[in-house]
Amino acid sequence: MEKNRLFIIISAAVAILSSFLPWASLNAGAFGSYSWNGLRGDGWFVIIFAVVAIVLACLNDVKSSLPKGFAIGVIVAGALSTIVTLIDLFGVNKYAVDFNGYGVSIGFGLILALIASIAIVVTGLLAMSGGKITKGTFEELAESGKGFAQTVGRVTTTTVKTAVDEIKKESHEHTEGQADQPVEAPKDPNQSEQ
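For the sequence shown, UniProt numbering begins at 1 and goes up steadily by one.
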């Protein structure tokens, strides 16, 4: 197996494993302590994005380098996973207080999920660039994103134009049908058409 693909799979496997570890814990003194793993919340998103990265890394000939499109998919999956873990990290940190040993704290699993998610992005960049991340790697990624955005823009424009044409056509047919029918004025000015 090509080494960058292997690094992607390892990073994604660590991200999956981290979802089973504590993401937050609560020390309630005499009432005990409680911990929540990623499966009780957004850890499922991390698992899904990690599985996507693994699938992309395993597609095609695994002994050759990862195709650029697949590498970009890995980068996007890792970036989305990173965003999810950062949101959770800030969410838990908002409640992380310490009152003489009591309070909420960030769990090891959440920190590991963040590190693994960032590693997925980095390994995707390595796979895209052939093993060395340079300024050109980011320029190439930006150019790919620009091309993708232009394609989405063209598809959206075509779809909207088609929808507008259909609405105009139906509106025209609807108004033609009404133009043939005489319109009666109400006999009583207070009477309205229902």
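Idealized CB from N, CA, C, for every residue including glycine.
- Counting every other CB atom within 10 Å of its CB across the protein chains shown gives L59 a total below 16, marking it as exposed.
- In this model, I115 and T156 are separated by some 36 Å (Cα to Cα).
- Per the DSSP secondary-structure output, N37 pairs in a beta bridge with P22.
- When the five nearest sequence neighbours on each side are left out, the beta carbons in the same chain lying within less than 8 Å of the beta carbon of N37 are those of S19, F20, L21, P22, W23, G43, G107 and G109, in order along the chain.
- In the structure shown, S64 adopts coil according to DSSP, grouped into three states.
- Shown here, I10 sits in a helix according to DSSP, grouped into three states.
- Counting the other Cβ atoms within 10 Å of the Cβ of R5 gives 16 or more, which makes it buried.
- Taking C-alpha positions only, R40 is separated from A30 by approximately 24 Å.
- Note on M1: under 16 other CB atoms within 10 angstroms of its CB, so exposed under the neighbour-count rule.
- Taking each of A119, S33 and G73 in turn and checking the Cα distance to V52, the smallest one comes out for G73.
- Between A50 and T85 the beta-carbon gap is near 11 Å, outside 8 Å, which marks them as no contact.
- Counting along the chain, G43 sits inside the alpha helix (DSSP H) bounded by residues G43 to C58.
- When the Cα atoms are used, I10 and T159 turn out to be separated by approximately 41 Å.
- Residue pairing from DSSP leaves G131 without any beta-bridge partner.
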